[in-house]
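In the order they appear, the protein sequences are chains F and Z.
This note's numbering puts the first residue of the first sequence at 4, with every later residue one more than the last.
This note's numbering puts the first residue of the second sequence at 4, with every later residue one more than the last.
Every residue gets a Cβ at the ideal spot worked out from N, C-alpha and C, and that includes glycine.
Reading through the structure tokens given below for one structure.
Protein chains: 2
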Amino acid sequence: MATAVAEEIKPNSTKEKILTAAIELMAEGGYTGASMRKIARKVGIRESAIYNHFRNKDEIFQTIMKNLFSNPFEDFFIKRPIEQYAIKGKAYLLEYAATIKLLTFDSKNEKFFRIILAELMHNQQVRELFMQYFYQENIKKLSNAFFIMMQHNLIRSADPILMAQEFFAPLFYYRLQVLLMHIDNKPTTALSTIFEKHVDFFWESVATQESF
Amino acid sequence: MATAVAEEIKPNSTKEKILTAAIELMAEGGYTGASMRKIARKVGIRESAIYNHFRNKDEIFQTIMKNLFSNPFEDFFIKRPIEQYAIKGKAYLLEYAATIKLLTFDSKNEKFFRIILAELMHNQQVRELFMQYFYQENIKKLSNAFFIMMQHNLIRSADPILMAQEFFAPLFYYRLQVLLMHIDNKPTTALSTIFEKHVDFFWESVATQESF
DNA sequence: GTCTATAGCCAGATAGAC
DNA sequence: GTCTATCTGGCTATAGAC
């Protein structure tokens with residue numbers, strides 16, 4: 004399973020430095036906040052030199068999107084067959100939440116999330132990637148898992164898709180909260196265990212008598 | 004209870020037209036997307052004429068923020084004493100969700116929500132307003148209500164604040180989804196009853212045997 | 001209150017020498 | 001591949017006539 008075309012970029016090359024600088028600047032100020040001037044200054048070259056590596060600013064953005072979207076979830080659960088793990092019930096959900104928590108507190112993934120949110124209202128392509136990765140992918144996986152749990156009578160019967168959304172929405176909400184706190188350098192101690200608490204609460208909400 | 008200082012602006016005045024145009028443009032392109040040029044063209048005056056009504060662009064933005072934040076929730080539930088209604092249990096939650104649904108599908112409030120989200124990553128003041136209105140206010144009201152419901156044994160015992168967040172997060176998530184669909188002119192039929200379904204699911208999750 | 005005119009800045013991008 | 005120099009255009013804002 005080749006990870007969706009992630010471009011080959013030599014480490015320590017100027018091209019890579021440009022991308023790193025652009026990611027940093029876009030995380031802070033979005034697409035328009037990362038001007039070619041600023042990127043060039045951060046890399047230590049002139050603006051015109053950038054054009055030896057990228058046709059224009061948009062190509063930089065496209066490359067970043069491609070690379071950022073290639074890793075994050077793939078490594079964690081896409082590969083493994085869900086069926087085997089869904090029957091573990093709460094343990095599966097705990098692992099799921101732990102993964103999101105990991106992404107939430109990982110600095111590279113935080114930058115990624117921040118760029119996405121900064122451009123969400125400005126760029127249709129970003130919206131589509133957002134819907135795909137922060138909605139469809141997760142809901143598909145989770146609803147499958149819930150369906151299996153229902154079959155094994157681990158949880159009460161309900162619409163699996165609704166249940167998936169109800170489980171996922173708070174995770175997204177907490178992730179956003181953490182991001183907002185980080186941006187303003189506020190402490191996130193109050194949120195440090197919220198992901199686990201969410202799973203506890205949710206499991207109490209859906210578990211059958213037998214499995215509880 | 005005077006509604007937080009909402010400025011007096013004469014209807015049909017040039018000042019009001021400027022604000023209307025600015026809201027429209029900022030909903031589409033955020034703060035930077037709404038240039039003084041575009042605002043002036045939309046109103047039908049020259050850029051320089053705007054400065055007879057506002058000191059600078061930021062003052063326009065501030066005025067918009069003040070006015071937008073003055074109405075939305077205030078009218079709905081801030082005024083009424085929660086205690087009397089919380090004991091209605093599910094009916095209270097249904098009304099709460101219905102209110103959010105109303106705001107979600109109301110075009111003025113949608114623009115407001117869109118501007119907030121567009122500037123969320125760029126502007127600390129917006130982040131604080133966001134946290135206040137889309138988090139603290141709602142969580143405070145809801146956790147109070149849940150506390151009362153617990154006292155009346157309508158719902159199972161749990162941390163009221165956690166429960167409030169778990170109830171609110173999906174509402175926020177669904178509102179965001181609707182917004183994203185609207186921006187790209189996609190149908191929201193699949194989401195038309197999701198707010199009610201959320202309440203159903205949630206109530207089944209927390210209701211005690213007696214109250215169910 | 002609105003206009004014309006203009007200042008000053010920063011943006012993205014290109015040409016051509018080295 | 002990097003540089004200097006330059007172009008074009010959008011931006012916020014001000015001065016001063018009407």
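- Under the three-state reduction of DSSP output, Z/Ala-30 falls in the helix class.
- Residues of the region 157-175 of chain Z with a Cβ closer than 9 Å to any Cβ of chain F, in chain order: Arg-159, Ala-161, Asp-162, Leu-165, Met-166, Gln-168, Glu-169, Phe-171, Ala-172, Pro-173, Leu-174, Phe-175.
- Taking a contact to require three or more Cβ pairs closer than 8 Å, the region 122-141 of chain F and the region 173-189 of chain Z qualify as touching.
- Beyond the five residues adjoining it in sequence on each side, Z/Arg-49 comes within less than 8 Å, by CB distance, of Ala-43 in the same chain, given in chain order.
- Annotated as distal: Z/Ile-158 and Z/Ala-100, with beta-carbon spacing of 8 Å or more.
- DSSP places F/Ala-37 outside both helix and strand once states are collapsed to three, so it counts as coil.
- Comparing alpha-carbon positions, the option among F/Met-124, F/Phe-72, F/Thr-17, F/Lys-200 lying closest to F/Leu-174 turns out to be F/Lys-200.
- The continuous alpha helix (DSSP H) containing F/Asn-70 extends over residues 60-73.
- Inter-residue distance for F/Ala-161 and F/Leu-97 is about 20 Å (C-alpha atoms, whole angstroms).
- For F/Thr-211, the closest Cβ of chain Z is not nearer than 8 Å.
- In this structure F/Ala-30 does not touch F/Lys-45 by the C-beta definition: roughly 13 Å separates them, more than the 8 Å allowed.
- Under the three-state reduction of DSSP output, F/Ile-12 falls in the coil class, being neither helix nor strand.
- Taking a Cβ-Cβ threshold of 7 Å, none of the residues of chain F is close to Z/Lys-60; the smallest such distance is about 15 Å.
- Residue contact check for F/Met-124 against chain Z: a CB pair falls below 8 Å.
- The CB of F/Thr-35 comes closer than 8 Å to the CB of Thr-35 in chain Z, given here in chain order.
- Against chain Z, a Cβ distance below 9 Å from F/Gln-127 picks out Ile-186, Asp-187.
- Under DSSP, Z/Ile-158 shares a beta bridge with Z/Ala-210.
- With fewer than three CB-CB distances shorter than 8 Å, the region 191-200 of chain Z does not count as touching the region 136-147 of chain F.
- One thing to note: Z/Ile-103 has its Cβ no nearer than 8 Å to the Cβ of Z/Arg-40.
- In the DSSP assignment, Z/Ile-119 falls within the unbroken alpha helix (DSSP H) covering 110-122.
- For F/Thr-107 and F/Arg-117, the gap between their C-alpha atoms comes out near 11 Å.
- Within 7 Å of the CB of F/Lys-200, the CB atoms of chain Z belong to Leu-165, in sequence order along the chain.
- One thing to note: Z/Gly-33 has its Cβ within 8 Å of the Cβ of F/His-125.
- In this structure, the alpha-carbon of F/Ser-16 lies about 16 Å from that of F/Ile-26.
- Taking a beta-carbon distance threshold of 8 Å, F/Met-153 does not count as an interface residue toward chain Z.
- With respect to F/Ala-89, F/Ala-148 sits close: the two C-beta atoms are nearer than 8 Å.
- Buried is the label assigned to Z/Leu-145, since at least 16 other Cβ atoms lie within 10 Å of its Cβ.
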